[in-house]
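Here's the structure we're looking at; comments come further down.
Numbering (UniProt numbering), first residue to last: 1 to 226.
Structure (structure tokens):
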């Protein structure tokens, strides 16, 4: 992959195309500071656990009542009683602990998590999050613990594809889908680029791009990029 530093604050990876989910999960894992307490949302964010080594010093929390979650479990490591919030089998890190569902939500709501990583249908340039309902009449809403995480975590990151299957950007000036939280997202990780969100001014800064130029990226989005 060709890497070009275009400014002191932005890195453009010029070839290789958009990232797949595991490549993006590895990028997010790279950016989580050691010593962080982190919740990974259901779906694609759970893949981040597979890219965090024990030496990373990151403690993973699950809303169904576990602190010290490890990577996904496979083969003989699968324990049907040991799952993440998405009901997928996981391993446990040394020192892992278990607790009541209500205690887990108290941790989420009480500001004890440093970072949560959630999926999203839309994120606005002011950091509004829409991730529990597509708005379609026949869609099944899925709130889960996202609303608690969105307001309780110190930092909220989003992991999603940048564009829908119809080509519309999911990072938008204002969300049109039902909201999960207001001005809560500070960073958006996508298969085409990573964005920092200034929730006060609405400025969207591009940190890194993958297989797309800044010009092409800007031409496909309604938000102004810096």
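From the three backbone atoms N, C-alpha and C, an ideal C-beta is built for every residue, glycine too.
Please read all numbers here as calculations on a predicted model, not as lab measurements.
- Residue 91 and residue 12 have their alpha carbons spaced roughly 35 Å apart.
- By DSSP's assignment, residue 166 forms no beta bridge with any residue.
- By the CB criterion at 8 Å, residue 86 and residue 115 fall outside the cutoff.
- At a Cβ-Cβ threshold of 8 Å, residue 93 and residue 72 do not count as neighbours.
- Annotation note: the region 96-128 contains the following uninterrupted alpha helix (DSSP H) runs of length 4 or greater, listed N- to C-terminal: 101-109.
- Counting along the chain, the unbroken beta strand (DSSP E) around residue 193 starts and ends at 193-197.
- Residue 180 sits close to residue 150, with the two beta carbons spaced by under 8 Å.
- Shown here, residue 10 sits in coil according to DSSP, grouped into three states, outside any helix or strand.
- Nearest in C-alpha terms to residue 89, of all of 218, 66 and 148, is 66.
- The secondary-structure analysis by DSSP pairs residue 172 across a beta bridge with 124.
- In the DSSP assignment, residue 150 falls outside any beta strand (DSSP E) and within the unbroken alpha helix (DSSP H) covering 146-152.
- Residue 209 and residue 19 have their alpha carbons spaced roughly 10 Å apart.
- Counting C-beta pairs closer than 8 Å gives three or more between the region 154-167 and the region 102-122, which meets the contact rule.
- Of the other Cβ atoms in all chains shown, 16 or more fall within 10 Å of the Cβ of residue 39; this residue is therefore buried.
- Just measuring C-alpha positions, the residue of 203, 176, 55 and 69 sitting nearest residue 47 is 69.
- In the DSSP secondary-structure assignment, residue 72 is bridged to 90.
- About 13 Å separates the CB atoms of residue 204 and residue 158; that is not less than 8 Å, and the two are not in contact.
- Three or more Cβ pairs closer than 8 Å define a contact, and the region 54-65 meets that threshold against the region 23-34.
- Assignment of beta-bridge partners to residue 205 by DSSP yields 196.
- For residue 140 and residue 61, the gap between their C-alpha atoms comes out near 26 Å.
- Between residue 142 and residue 130, the C-beta gap is not smaller than 8 Å, which leaves the two residues out of contact.
- Secondary structure note for residue 40: its beta strand (DSSP E) is the uninterrupted segment 37-40.
- The three-state reading of DSSP puts residue 53 in coil, since its state is none of H, G, I, E or B.
- DSSP places residue 213 outside both helix and strand once states are collapsed to three, so it counts as coil.
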